[in-house]
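One structure is given here, and the rest of the page talks about it.
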Amino acid sequence: MSTTNTTEVINPSVHNDLAELKPEISDLGLRRPDHSKNVFIDWMTTVDHKKIGLMYGAMALFFLLVGGLEALIIRTQLAVPENDLISAQRYNQLFTMHGTTMIFLAIMPLNAAFFNFLVPLQIGARDVAFPRINAFSLWAFVAGALVINFGWILQALEMFGLFTASGATAGKNDFVPAMGWFGYAPITSTEFTGAGTDFWIMGLQILGVASLSASLNFIVTIINMRAPGMKMMRLPVFTWMTLIVSLLIIFAFPAITVALIQLMFDRVFGTNFFSVAGGGQPILWQHLFWIFGHPEVYILVLPAMGIVSEVLPTFARKPLFGYAIVVFSGAVIGFLGFAVWSHHMFTTGLGKIATAAFSLLTMAIAVPTGVKIFNWVGTLWGGHIRFHAPMIFAVGFVWMFMMGGFSGIMHSSAPADAQQQDSYFVIAHFHYVAIGGILLAIISGIYYWLPKMIGKMWQGNLNIWVGIFTVVGLNITFFPMHFLGLLGQPRRTHTYLAGFGWESYNMVCTIGSYILAFGVVLLLVDMIRCFRSKKLAGNDPWDARTLEWATSSPPKVYNFAATPVINARDAYWADKYGPENRKLGEVDESHGIHMPSQSWMPMVASAGFIPLGLGLSLMQAGVPYAGYAAILGLVIIALGISLWALEGPGGYHLHPKKETN
Amino acid sequence: MSQTESHDDGHHGLMVKNKKLLMWLFLGSDCMFFGTLISTHLIYRKLYPEEFNPTQLFSLELTSFSTFILLMSSFLMALSVSAMHKGEMKSFRRNVVGVIFFGLIFLGCQVYEFAHFYHEGLTLDTGTFGSTFYLMTGTHGVHVAVGVFWLISMLFYSQSGKMEAHKNAIDVEIAGLYWHFVDIVWIVIFTVVYLIEFIV
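In order, the protein sequences belong to chains A and B.
Per the numbering used here, the very first residue in the first sequence carries number 21; after that it's consecutive.
Per the numbering used here, the very first residue in the second sequence carries number 49; after that it's consecutive.
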C-alpha cells in the first residue's frame, strides 16, 4: 500500500496535529523539512499553494509600493516646467524601472498570488499538480526581482564612493536599466548603455523561467486535478481565465526569451542580431518584443476580468450572465492577442497591407471585450445588488476599464495612432487599463478573498475611502493626460518648456498621483487592520457561489477534508440553495489525504539564478571574478535540480475529521 | 499502484498523466522557442541573400550522416521506452547506452562542424548569417546535450536498482518525448537551413 517514504498515520486521534508527525526521510536519506516548528524554515520550504500564494502577494505588494514611489518621483519632476529635481539619466532609470516593476514584479505576481491561492480551491483539488515546481517558480521570481533591481544597490554604493565601474561599459553610469521597459534596439547596445541593460536582460530571463514553470503547472492542474464532476464548463470563470493566461504565457514568453538571448549575444559576443553596423535590423527586436508584449497585455488583464466575473455575480446574487460566452470571449481575446502585435508599430512603416490588417484585427478585439462588458452589465441587471467593498471596486473596474478601452479603440485606427504615438495620450490609455482596470480588479479581489486567505473579516468603512481616493486620484492623474497627449507632450522626456499650454495639466496630474498614492496607502492600512481584526470571517462571509467558500477560512493545509463531488456550475451556491441533486457530494477518502513533503530544493535551485544573473551582468562591467560567480550559479542550479530529482516526491497521509459547517 | 502515484494522478480530466501533460505543454512552448530562432534566420537570409553563400561551406555528407545518426537514436529511444514498459531492464539499459552514444556522435559532428566553419571564416559576427546560424544550431545542440545528460543520469539511476517499470516507465517515456522532439526540430533545421540552400 505505501512506498518506503510514506508515513501512515493510522490513529485518527492525532489527525490534525502536524507537530506529532515524524519528518519524512527522503530517498537520499536526508530528513525532509516537514512539520518544522521554526516558522522561517516552514515558509522557506513550503510546497503549500496557499502559503506560496501569500508570499507572492506580499512580494508583489512590496514592489507595487516601489513602482509607485518611482512613479511619484517621475510625477514630481514633471510638476513644473524645466524642473531639475532629478537628472535626465535618473529620469530614464525611473520610468524604465517603473514600467518593468509594475508589469513583471507587481501585477503579474499579484495575479500569480490569486492563481496560487484560489485555483486549487476553486477546482476542489488538494494542491497544484507539481507542488515543488510551484515553490520553485516563487523563488525564481524572487531571484529575478533581485537581479533586475540590483543596479539600485550598485548605484547607491557608487554614490557613496564604495564602488567604481571599469571595463567595457564603464563610464556609462547606469547600473540601473535606463532604456525603457520595451528595451528597443539599438539603444540596448553596449555603445549606449551599461550594466543596467545586462541586469534587465538577466532579470527578465529569470522572471520568464518563473512565469513559464508556474504556467505549465497551472495548465496541468486545471486540466487534470479537477474534482469529480467539475467539468470544464463548470469551472469558475477566474479559473478559466487562469488557464487562458497560462496558455498565453507559455506561447508568448519564448519570443522574448529568444530576443533576450539574441540581445545578450549581441552585447557579450558581438553578434549582429540588432546591431546596424553588422547588418542587423533593430526593427526585428520590435517585432519579437511585441509578439510577446501584446499577449502580455492580456496576461495582465484577463485575470482581472476573471476576478470581476466572480465578484459581480456574488454581490448581484445572480449567476454570471452568459457564462459560456464570457469564457469564450476570454479565449478569443487570448487568441487574437497573438495577431495584433504590430499595432504597437504603426509608425515604423510596415506598409499599407500590414497596417490595415493589424488595424482591423485590433478593432476586432474590441468585440469580445465589449461582449464581456455587456455580460457584466447583464449580470447586474435585475440583481439584488449589495454594495460591499469588493463590489465597489468591481463596478469601478467595469467603468474605468471601459474608458481605457475607448482610447484603445482610438489607437486601433492607424492614422489616429500616428498622431498619438509616443505622446501622453498613450500613457493615459494604458494607465486607465492598468490602474482603472487591473489594479481596481485586484483591489476588489483583495477585499473579496482576503477574509478567505487569513480567516479574518474587514472592519469599518475605510474601504469606501480607498475607493474614493483611488478612483478620483486615477482620474485626476490620467484624464488630463489625454489632453496633454493631444497637445503634443512627448513621453519619456524628463522635462518640458513653459508656454505650450502643458503647465496646468501637468500640475493637476501630479496632484492626482499623490491622491492615488494616498488611496493605495489607505488600502494597506485597511489590510493591516484586517490582519489585526478580531472578527472571524467564517467559511462564507459574502454568501458566495464558488467552491473555495465551502471550506474553512483560512483553508486547512489539506484544503478539503473530503474531495467534493460537483453537481452544478456555481457549485457552492447550488449546494446552499439548489435542488437536492445539485448539492455537493463527497468522495470517500478513508485511505487519508496524501500530502507532499516539503523541500529545500526549489529554493536552492532558484538561488543559483542570483549568482548566475549577477555574474553574467557584471562580467561586462569588468567586475573581477564575475564569470566565476556565473559558473557557481549554474553549478548550484544543476545541484539543486539533481537533488530535487533524487529526493523523490515524498509525502505523508492525514486523516482529518469531517468538518461541521 | 503506490500512494505517491495516486497523488500525482488527477481526479478527473484527460487520460494523460500530469508529468506527460507537462512535457507536452513544455514542448509546445519550445516549438515557439525554436520557431523564433529559425524565423530569425530565415528572415535575415531572405533580407540579405547575397551576404553569405553557405553552399561552399556546408558539407551535406557530414550533416546528412549526423542527421541519420540522430534519427536512429530516436529509434533506439523508442526501443528503450518499450523495454522499460515491459520491465526488461537489461534491454532498456543497452538501448539507452545506444541513444547516449548516438547523441554524443551527433554532438561530436556539430563540434567538428563549428570548428571547421570557424576556421573557414564563418564566425559569430560574420554578418547576420554567422549570428543566426550559430545561435540556432547551438541552441539545438544544447537541447541534445541536456537530453544526453538526462539519459546518463537515468542510466546511473537504473544501476541503483530503484527503477521499476510500473513506477518509472512514465519518466522514460517523457524523456523519450523530449528526445523525439529535439530530433524533429533538427529535421526542420536540416531542411530549411541546410538542404534548401542547395535547391535554390
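For glycine and all other residues, C-beta sits at the position ideal for the given N, C-alpha and C.
Valine 278(A) touches chain B at which residues, Cβ-Cβ below 7 Å? Phe81, Thr84, Leu85
Whole-Å CB distance - threonine 382(A) paired with serine 329(A), under 8 Å assumed: Actually they do not touch by this definition, with Cβ atoms about 24 Å apart.
CA-to-CA distance, arginine 552(A) to aspartate 546(A), given in whole angstroms: 10 Å
By Cβ distance below 7 Å, which residues in the same chain neighbour tryptophan 234(B) in space, the five residues on each side in sequence not counted? Thr115, Leu118, His188
Neighbourhood of threonine 208(A) by C-beta, 7 Å cutoff - its chain only, sequence neighbours within 5 removed: Met199, Thr217, Leu283
contact_flag[the segment 170-190 of chain B, the segment 133-147 of chain B] where n(CB pairs < 8 Å) is 3 or more: no
Hey, which unbroken runs of the alpha helix (DSSP H) at 4 residues or more fall wholly within the segment 185-260 of chain A? 215-244
Cβ contact check for the segment 119-131 of chain A and the segment 454-467 of chain A: 3 or more pairs under 8 Å: yes
Could you check whether the Cβ of proline 274(A) sits closer than 8 Å to any Cβ belonging to chain B? yes
Specify, as a first and last residue, the run of the beta strand (DSSP E) that isoleucine 613(A) falls within. 613-615
Can you grab the Cα-Cα spacing for the pair serine 626(A) / alanine 386(A), in whole Å? 40 Å
Return the Cβ separation of isoleucine 657(A) and proline 574(A) in integer angstroms, given the expectation that the two are a contact with Cβ distance under 8 Å. About 33 Å; that fails the 8 Å criterion.
Step through the CB atoms of chain B and report whether any lies within less than 8 Å of the CB of leucine 674(A). no
Where do the N-terminal and C-terminal ends of the beta strand (DSSP E) with leucine 172(B) fall, by residue? Element bounds for leucine 172(B): n/a, residue is neither H nor E.
Endpoints, the alpha helix (DSSP H) within which histidine 431(A) is located: 409-432
Count the other CB atoms within 10 Å of the CB of glycine 671(A); is the residue buried (16 or more) or exposed (fewer)? buried
With 7 Å as the C-beta to C-beta threshold (strictly closer), list the residues of the segment 170-198 of chain B near chain A in chain order. Leu172, Asp173, Gly175, Thr176, Ser179, Leu183
At the 8 Å Cβ level, is glycine 76(B) part of the contact set with chain A, yes or no? yes
Could you spell out where the alpha helix (DSSP H) holding histidine 675(A) opens and where it closes? Careful: histidine 675(A) lies outside any alpha helix (DSSP H) and carries neither H nor E.
Report the neighbours of asparagine 136(A) on chain B: residues whose CB is nearer than 7 Å to its CB, in chain order. By Cβ distance, chain B contributes nothing, its closest Cβ being about 17 Å from asparagine 136(A), past 7 Å.
Check whether the Cβ of threonine 566(A) lies closer than 8 Å to any Cβ atom in chain B. no
Any idea what DSSP makes of serine 295(A), helix, strand or coil? coil
Let me check understanding here. Comparing Cα to Cα, which of Val240(B), Phe246(B), Ile222(B) lies closest to serine 130(B)? Ile222(B)
Leucine 182(A) to serine 107(B) span [Cα, whole Å]: 55 Å
Identify every run of the alpha helix (DSSP H) within the segment 458-504 of chain A, keeping only runs that are complete inside it and at least 4 residues long; order them along the chain. 460-474
Supposed close pair lysine 392(A), serine 349(A) - CB separation, criterion 8 Å: 5 Å
Taking a Cβ distance cut-off of 9 Å, strictly less, list which residues of the segment 157-183 of chain A are near chain B, in chain order. none
As a quick exercise: from Phe170(A), Val100(A), Gly402(A), Trp260(A), pick the residue whose alpha carbon is nearest that of methionine 527(A). Val100(A)
Threonine 680(A) to histidine 611(A), Cα distance in whole Å? Its pLDDT being 48, under 50, threonine 680(A) is placed unreliably in this model, and the value from its coordinates should be taken loosely. Distance between the alpha carbons of threonine 680(A) and histidine 611(A): 20 Å.
Given that a residue counts as buried once 16 or more other Cβ atoms are within 10 Å of its Cβ, and exposed if not, what is histidine 164(B)? exposed
Under three-state DSSP, which class holds arginine 51(A)? strand
For asparagine 216(B), which residues in chain A fall below 8 Å Cβ to Cβ? Going along chain A, no residue has its Cβ under 8 Å from asparagine 216(B), so there is no contact; the nearest lies around 11 Å.
For isoleucine 462(A) and alanine 324(A), which I take to be in contact (beta-carbon distance under 8 Å), what is that distance rounded to the nearest angstrom? 7 Å
According to the Cβ coordinates, are leucine 304(A) and glycine 354(A) closer than 8 Å? no
Counting pairs of beta carbons, one from the segment 210-224 of chain A and one from the segment 167-175 of chain A, are three or more of them closer than 8 Å? yes
Range of the contiguous alpha helix (DSSP H) that encloses isoleucine 215(B): Correcting the residue type first, residue 215(B) is lysine in the shown sequence and not isoleucine. Run containing lysine 215(B): 213-237, per the alpha helix (DSSP H) assignment.
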